[in-house]
Amino acid sequence: MRERCQVFISHAHDDLAVVREIETHLSGAGFRVMVDGSVAPSKDWVAAVQGDVRAADVFVVLLSGDPLASGFAMTEFGFVMGAQSSRGGLLITVLLSGAEDNPVSEYLRRFQVIDGRGMQAVEIAVRIADTIANTDSLKTSALTASA
Amino acid sequence: VLLTPWAITRPWVVVEIACFMLSQKRVVGIIHGLTPDDALKDPYVAILLDDRVLLDINRLDSYFRELAGRIRIEEEGGSDA
């Protein structure tokens, strides 16, 4: 049995500060959080992100103003879509400021959505943790994470 | 994945390639209307397709001739077996 629920967070680089806060709160609650902070694309980066995505139980996609402009975000998003469609897994979309203009948000509305616009990072982290805890297939690992 | 002058400006190309890779699907970049160098100018496309097949169909007639040749060789090889 997996000891800790593993959460992969996909994001645009402009949102890295918010992501780090969310990471801190989720890690403090016992989740293993994987956030990529690379600054340049490379083969190592691709391998690392693929490994993280494959290991993840939960995918969190943070959407904000213009993620389509970010090759990092789009590559991560592609990996998440590939993993989610091939083996399943909880996918949580978090809408941040500007997400309403993002065509990706329409596509992702069929998954779990947290409207994080106007929320503090800690509130978003709590909502993510609650969503995981309320997902039947993840209850065991979520409880383990919060223990 | 079709790589045309219009397609390589769209971020969805990267999403598609990454999605297929993670799903362990075979990925082939099909180039039309640009050179292989142009197709790989986007750093993300370049890295993702680095060691994968790029198929140039700018000269489609040549490609079909080559394909027909490959099929013949495989059939002949198969009949020998």
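Residue numbers (my numbering), protein chains in the order written: chain P, 10 to 156; chain H, 14 to 94. The beta-carbon is built from N, C-alpha and C at its ideal position, and this holds for glycine as well.
Does the region 99-115 of chain P come close enough to the region 56-64 of chain P to have 3 or more Cβ pairs within less than 8 Å?
no
Just mark residue 156/P as buried or exposed, buried being the case when its beta carbon has 16 or more other beta carbons within 10 Å.
Residue 156/P sits at position 147 when you count from the first residue of the first sequence. Model confidence at residue 156/P stands at a pLDDT of 47, short of 50, so the residue's coordinates are unreliable and nothing is read from them.
Taking 8 Å as the CB-CB limit, is residue 36/P close to chain H?
By 1-based counting over the first sequence, the position of residue 36/P is 27. It does not; no Cβ of chain H falls within 8 Å.
Short of 8 Å in beta carbon distance, which residues of its chain neighbour residue 4/H, apart from the five on each side in sequence? Order them along the chain.
A question about residue 4/H goes unanswered here, because the residues of chain H that appear run from 14 up to 94.
Give the residues from the region 79-92 of chain P that approach chain H closer than 9 Å (Cβ to any Cβ), ordered along the chain.
79, 80, 81, 82, 83, 84, 85, 86, 87, 88, 89, 90, 91 and 92
State the Cα-Cα distance for the pair residue 21/P and residue 117/P, rounded to the nearest angstrom.
One-based indexing of the first sequence puts residue 21/P at position 12. One-based indexing of the first sequence puts residue 117/P at position 108. One C-alpha to the other measures close to 16 Å.
8 Å Cβ cut-off: residues of chain H touching residue 51/P:
Within the first sequence, residue 51/P is the residue found at index 42, counting from 1. Simply 60.
Would you mind telling me which residues of chain P sit closer than 9 Å to residue 43/H, beta carbon to beta carbon, in chain order?
Taking the second sequence and counting its residues from 1, one reaches residue 43/H at position 30. None at all; the shortest Cβ gap to chain P is about 18 Å.
Give a yes or no on contact between the region 85-94 of chain P and the region 19-34 of chain H, applying the rule of three or more CB pairs nearer than 8 Å.
yes
Where do the ends of the beta strand (DSSP E) carrying residue 15/P lie?
The count along the first sequence starts at 1 and reaches residue 15/P at position 6. 15-19 is the span of the beta strand (DSSP E), which, as asked, contains residue 15/P.
Just curious, the alpha helix (DSSP H) that residue 120/P is in, first and last residue?
Residue 120/P sits at position 111 when you count from the first residue of the first sequence. Run containing residue 120/P: none; DSSP gives neither H nor E here.
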